[in-house]
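Here the UniProt record's numbering is used: position 212 in the sequence shown is 219, and no number is missing along the way. A short write-up of the structure that comes next.
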Amino acid sequence: SRIPLTVLGAGAMGAALARAWLAAGHPVTVWNRTPARAEALAADGAGVAASAAEAVAASRLVIVCLLDDASVGEALDGVALGGRDLVNLTTGTPAEGRARAAWATARGARFLDGGIMAVPPMIGDAGSGGYVLYSGSGELFEEHRDTLAVPTGTRYVGEDPGFAALYDVALLSAMSGMFAGVTHAFALIGREDVPPKDFAPLLADWLTAMAPAAHQAAERLESGDHGKGVVSNLAMQVAGNATLLRTAGEQGVSAELLTPYTDLMARWLAEGHGEEDPAGMVELLDLRRGED
Ligand code: NDP
8 SRIPLTVLGA GAMGAALARA WLAAGHPVTV WNRTPARAEA LAADGAGVAA
58 SAAEAVAASR LVIVCLLDDA SVGEALDGVA LGGRDLVNLT TGTPAEGRAR
108 AAWATARGAR FLDGGIMAVP PMIGDAGSGG YVLYSGSGEL FEEHRDTLAV
158 PTGTRYVGED PGFAALYDVA LLSAMSGMFA GVTHAFALIG REDVPPKDFA
208 PLLADWLTAM APAAHQAAER LESGDHGKGV VSNLAMQVAG NATLLRTAGE
258 QGVSAELLTP YTDLMARWLA EGHGEEDPAG MVELLDLRRG ED
């Protein structure tokens with residue numbers, strides 16, 4: 008038999024999650040601050056609670072998917088959490104995840120924080136490749152892992168409740184850099200008569216081909232060896248950057264998405280790392296560098 012659960016938040020993501028559990032036969036109680044969004048799930052078989060407290064009282068397993076950490080604090084203010092298994096799928100920072108875990112534990116709940124690596128249409132679609140990063144109570148995760156795996160994939164990344172948010176934000180931050188590059192590339196070709204649709208397959212294939220560089224960088228960061236077997240050393244890449252910047256100028260495109268990274272490379276070169284692979288540049292971003 009499927010265990011009952013509660014979903015707090017029937018926004019785009021909360022509603023998708025609730026529907027996936029309902030479709031799998033779980034009894035689901037939903038609550039949403041604006042009642043109409045919860046009531047829309049009644050047609051799918053959800054029980055609608057009149058308050059967050061009533062919804063939390065309805066099931067031991069409570070999934071929270073609200074806008075941000077502040078809304079979680081607001082929605083659960085004064086709600087009895089003793090003996091509950093709280094799974095927080097609200098996006099937040101690592102510090103918010105840790106503070107929320109301490110807050111929940113002090114109220115007698117077990118706590119798991121989650122970072123959703125999917126958009127709502129991927130929820131309930133087993134082939135979508137989406138997943139949720141989890142961290143916090145390993146006990147809670149083990150006990151509910153089959154239920155948690157119903158809407159999308161699961162990846163448990165450790166007892167530290169800040170890790171789900173840390174991994175989530177690290178992945179999103181890398182994506183942000185990728186989208187900056189995509190934006191610049193389309194701006195460059197956009198100055199000519201090249202249809203974006205003709206260029207897009209080249210762009211997607213190139214980014215895919217370059218993605219495994221993350222593994223090589225990881226190897227160097229773990230070994231601390233940035234000099235052995237270098238294919239494209241920093242000095243060569245900095246010279247190449249001049250061509251990227253000149254081309255932006257020729258095409259009448261602002262280089263503002265490129266220069267933060269090219270400037271950082273130039274600084275690392277000036278510190279004497281020209282013969283190395285650029286993976287060691289992460290050191291330059293450490294704001295506590297030189298403090299200890
Ligand atoms: P929506 O904007 O669709 O829904 C936000 C939800 O938060 C609504 O249920 C809203 O209630 C509720 N809410 C906001 N403020 C409060 C408050 N002060 N007290 C109580 N409830 C509140 O967002 P999503 O469902 O898309 O996102 C939910 C979470 O999922 C976010 O943390 C988001 O980052 C994360 N997520 C979303 C993804 C997406 O693509 N949508 C992808 C990955 C993660 P009301 O209806 O009353 O306004």
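Backbone N, C-alpha and C define an ideal beta-carbon position, used for all residues, glycine too.
Nonlocal neighbours in the same chain, by C-beta distance under 6 angstroms from residue i, ignoring five residues either side
| i | result |
| --- | --- |
| residue 237 | 284 |
| residue 23 | 127, 130 |
| residue 79 | 71, 73, 97 |
| residue 162 | 138, 140 |
| residue 108 | 118, 143, 168 |
Beta strand (DSSP E) segment containing residue i, residue limits
| i | result |
| --- | --- |
| residue 120 | 117 to 124 |
| residue 68 | 68 to 71 |
| residue 162 | 160 to 163 |
| residue 36 | 35 to 38 |
| residue 248 | Taken as a continuous stretch (DSSP letters only), residue 248 belongs to no beta strand (DSSP E), being part of the alpha helix (DSSP H) at 241 to 258. |
| residue 145 | Here residue 145 belongs to no beta strand (DSSP E); instead the alpha helix (DSSP H) covers 145 to 155. |
Spatial neighbours of residue i in its chain, beta-carbon cut-off 7 angstroms, leaving aside the 5 residues before and after
| i | result |
| --- | --- |
| residue 286 | 224, 227, 228, 233 |
| residue 19 | 127 |
| residue 167 | 142 |
| residue 111 | 88, 93, 118 |
| residue 210 | 189, 192 |
| residue 198 | 258, 259, 260 |
Environment of residue i [buried if 16+ CB atoms lie within 10 Å]
| i | result |
| --- | --- |
| residue 43 | exposed |
| residue 98 | buried |
| residue 186 | exposed |
| residue 157 | buried |
| residue 136 | exposed |
| residue 88 | buried |
| residue 202 | exposed |
| residue 220 | exposed |
| residue 33 | buried |
| residue 208 | exposed |
| residue 116 | buried |
| residue 282 | exposed |
| residue 378 | Because the chain here runs from 8 to 299, residue 378 falls outside it and cannot be looked at. |
| residue 133 | exposed |
| residue 222 | exposed |
| residue 326 | This structure cannot speak to residue 326, because the chain is shown only from 8 to 299. |
Residue i: first and last residue of the uninterrupted alpha helix (DSSP H) it sits in
| i | result |
| --- | --- |
| residue 51 | First-last for residue 51: undefined, no H or E at that position. |
| residue 205 | 203 to 217 |
| residue 173 | 170 to 197 |
| residue 78 | 76 to 82 |
| residue 270 | 266 to 277 |
| residue 63 | 59 to 65 |
| residue 112 | 101 to 113 |
8 angstroms Cβ cutoff met for residue i and residue j
| i | j | result |
| --- | --- | --- |
| residue 171 | residue 144 | no |
| residue 77 | residue 45 | no |
| residue 119 | residue 147 | yes |
| residue 84 | residue 122 | no |
| residue 154 | residue 139 | no |
| residue 26 | residue 82 | no |
| residue 29 | residue 51 | yes |
| residue 248 | residue 215 | no |
| residue 114 | residue 169 | no |
| residue 178 | residue 217 | no |
| residue 260 | residue 195 | yes |
| residue 271 | residue 291 | yes |
Neighbourhood of residue i by C-beta distance below 8 angstroms, restricted to the same chain and skipping five residues each side
| i | result |
| --- | --- |
| residue 13 | 35, 36, 37, 38, 56, 62, 63, 65, 66, 68, 69, 70 |
| residue 263 | none |
| residue 49 | 55 |
| residue 86 | 59, 60, 63 |
| residue 235 | none |
Exercise. Between the segment 239 to 247 and the segment 266 to 282, are three or more C-beta pairs nearer than 8 angstroms?
Worked result: yes
Exercise. Counting Cβ pairs, one atom from each stretch, are 3 or more of them under 8 angstroms apart for the segment 59 to 76 and the segment 89 to 109?
Worked result: yes
Problem set entry | the segment 255 to 267 in contact with the segment 189 to 200 per 3-pair CB rule at 8 angstroms | yes
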